[in-house]
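Engineer:
Residue numbers (the working numbering): 5 to 354.
Laid out in structure tokens, this is it:
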């Protein structure tokens, strides 16, 4: 939050679909628009998109084509979304007015955004327009990516999907994927740590009806919430199984149609080594960033092995520090032999 997202929709390839998206986005950012303002917005978008210099196209440039009609006028309402308004930066400029667009979904096989700070109830309630326009931007990029390779399998993952159900535009996008996605080779995976939030929204029941498979993981706060789980179609017997799961049990109740089964993810053996690549955390993300920077490469063939080795070495050093606090674990002579031995135990080359 506050850092530029790297999204600059006015620099995306021009098309009729993009202009429709830009229009709806600007209207959302303005908090709505009357018929006269809609005409002004359409003309302003055309002015920006017709600019000969693509890199100059941006949200801030849009304001140049919108007259100042006072403190409650259209221009004033859009100012907070712009990064350069008479030398000042708008409060929400970081959302969609990045200096340069960093994403080309048409050339991407994978695209993801860390929205951890945005997908909280507090932030979403205080900044609904930010959440809505960002989620709509993601859905537009999803469609763009899909058109680049029609017929290819596409997996959509939506974390804390209750946020997408807060708005008519994004909930309709969710429902469209559930209704027609499979005909395009598309699947949708949604998750939340607070299931009851889903039930607060009108589209919640419809989304649940269209969801084929549910996976329920450990929830230490679930014991007193059977009524919420029941509304997801979870039986009392299934609920009793779920509340038995320990937070580190790695057990999951998989429910489909009329049946359910408990499965356990085996993350032992060699998986201990690979786990930091499969699951990000506040601990390993900075390490991965530091490794990539030190190697000067984002190529997985270059940085993944050094990163995994460093994470494994950190665990070894932590083990030594716990058992022998008197030793200097920053000295490779102290930990490197144990590091090599642990890798050999897992059948990995040192």
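In this text, a Cβ means the ideal position worked out from N, Cα and C, and glycines have one as well. What you are looking at is a predicted structure, and each value in this text was computed from that prediction instead of being measured.
#1: Would you please state the rounded distance, in angstroms, between the beta carbons of residue 14 and residue 52? I believe it to be under 8 Å.
#2: Report the rounded CA-to-CA distance for residue 253 versus residue 224, giving the unit in angstroms.
#3: Quick check on DSSP: helix, strand or coil for residue 80?
#4: For the candidate residues 259, 294, 249, whose alpha-carbon lies nearest to that of residue 234?
#5: Name the one or two DSSP bridge partners that residue 161 has.
#6: For residue 219, count neighbouring Cβ atoms within 10 angstroms of its own Cβ and tell me buried if that reaches 16, exposed if not.
#7: Per DSSP, which one or two residues make a beta bridge with residue 148?
#8: Short check: CB of residue 8 to CB of residue 103, under 9 Å?
#9: So, residue 251 versus residue 286, is the Cβ gap smaller than 9 Å?
#10: Relative to the C-alpha of residue 318, which candidate in 38, 291, 67, 64 has its C-alpha closest?
#11: Would you give the residue range spanned by the alpha helix (DSSP H) that residue 257 belongs to?
#12: Following a CB-centred definition, is residue 169 positioned closer than 8 Å to any heavy atom of the ligand SAM?
#13: Are there 16 or more other CB atoms within 10 angstroms of the CB of residue 227, so buried, or fewer, so exposed?
#14: Looking at the structure shown, is residue 275 part of a helix, part of a strand, or coil, going by DSSP?
#15: Please identify the residue among 105, 65, 111 whose C-alpha is closest to the C-alpha of residue 90.
#16: On the premise that residue 321 lies in contact with residue 307, defined as a C-beta separation below 8 Å, what is that separation, rounded to the nearest angstrom?
#17: What is the DSSP secondary structure of residue 20, reduced to helix, strand or coil?
#18: Please confirm whether residue 101 and residue 62 have their CB atoms less than 9 Å apart.
#19: Between the segment 33-42 and the segment 163-179, do three or more beta carbon pairs fall short of 8 Å?
#20: Can you tell me which of the three DSSP states residue 220 falls into?
#21: Under three-state DSSP, which class holds residue 264?
#22: In this structure, what does DSSP give as the bridge partners for residue 89?
#23: Nearest by alpha-carbon distance to residue 276: which of 296, 305, 245, 312 is it?
#24: Considering only residues of the same chain and omitting the five flanking positions on each side of residue 94, which have a CB-CB separation below 6 Å?
#25: Cα separation between residue 109 and residue 310?
#26: Can you grab the Cα-Cα spacing for the pair residue 135 / residue 142, in whole Å?
#27: Which class does residue 305 belong to by DSSP, given the choice of helix, strand or coil?
Structural biologist: In this structure, then:
#1: 5 Å
#2: If you take the alpha carbons of residue 253 and residue 224, they lie about 12 Å apart.
#3: helix
#4: Across the set 259, 294, 249, the C-alpha of 259 shows the shortest separation from the C-alpha of residue 234.
#5: 193
#6: exposed
#7: Looking at the DSSP assignment, residue 148 forms no beta bridge with any residue, so it has no partner.
#8: yes
#9: no
#10: 291
#11: Note, residue 257: premise wrong, no alpha helix (DSSP H); beta strand (DSSP E) at 255-260.
#12: Although the ligand SAM was asked about, the structure shown includes no ligands whatsoever.
#13: Around the C-beta of residue 227, fewer than 16 other C-beta atoms lie within 10 Å, and the residue is accordingly described as exposed.
#14: Residue 275: helix per DSSP, three-state reduction.
#15: 65
#16: The Cβ separation is near 20 Å, so there is no contact.
#17: DSSP places residue 20 within a helical segment (H, G or I) once states are collapsed to three.
#18: yes
#19: At 8 Å Cβ cutoff, the stretches do not touch.
#20: strand
#21: strand
#22: 92.
#23: 312
#24: 83, 84, 85, 86
#25: 29 Å
#26: 11 Å
#27: helix
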